[in-house]
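Since the structure comes first, as structure tokens, the remarks are kept for the end.
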Amino acid sequence: MKENFEEKNNQLSKQEQDKGNPKNAVSYQNRFAGLMEEEIMKEKRKIETIIKESEKIKEEADKLFNKDK
Numbered sequence: 029m030k031e032n033f034e035e036k037n038n039q040l041s042k043q044e045q046d047k048g049n050p051k052n053a054v055s056y057q058n059r060f061a062g063l064m065e066e067e068i069m070k071e072k073r074k075i076e077t078i079i080k081e082s083e084k085i086k087e088e089a090d091k092l093f094n095k096d097k
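Going by this note's numbering, the first residue of the sequence shown is number 29, and it counts up by one from there.
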């Protein structure tokens with residue numbers, strides 16, 4: 029889906045450039061960049077959540093391991 033959006037966005041940007049509307053072309057490029065940044069931030073939050081959960085699991089495992097000693 030991202031590839032399709034990127035392709036369509038590039039086509040619209042090129043059409044605007046061809047029409048002599050560079051501001052509109054840049055607008056399409058900026059919109060795409062903003063959407064990609066949003067996707068990156070979503071993935072970053074997912075990774076941060078996984079890291080926090082992993083740290084909690086490690087702490088629990090350490091507590092259990094230390095109980096056995």
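All C-beta atoms, glycine included, are put in the ideal place defined by N, C-alpha and C.
Every value quoted in this text rests on a predicted model; they were computed, and no experiment measured them.
Between the C-alpha atoms of residue i and residue j, what's the straight-line distance to the nearest angstrom?
i: Lys69; j: Ser55; result: Residue identity differs from the one stated: residue 69 is Met in this sequence, not Lys. So the two alpha carbons sit approximately 21 Å from each other.
i: Ala53; j: Asp46; result: 9 Å
i: Asp90; j: Ser41; result: 55 Å
i: Lys84; j: Phe93; result: 14 Å
i: Glu88; j: Thr77; result: 17 Å
i: Ile75; j: Met64; result: 17 Å
i: Lys80; j: Lys95; result: 23 Å
i: Pro50; j: Glu44; result: 6 Å
Taking 8 Å as the cut-off, does the region 35-44 touch the region 56-76 (at least 3 CB pairs, one atom from each stretch)?
Under the 8 Å Cβ criterion, the region 56-76 counts as touching the region 35-44, having at least three qualifying pairs.
Unbroken beta strand (DSSP E) runs of length 3 or more, entirely within the region 45-72: which are they?
Positions of the beta strand (DSSP E) runs, each at least 3 residues long and wholly inside the region 45-72, cannot be given because no such run exists.
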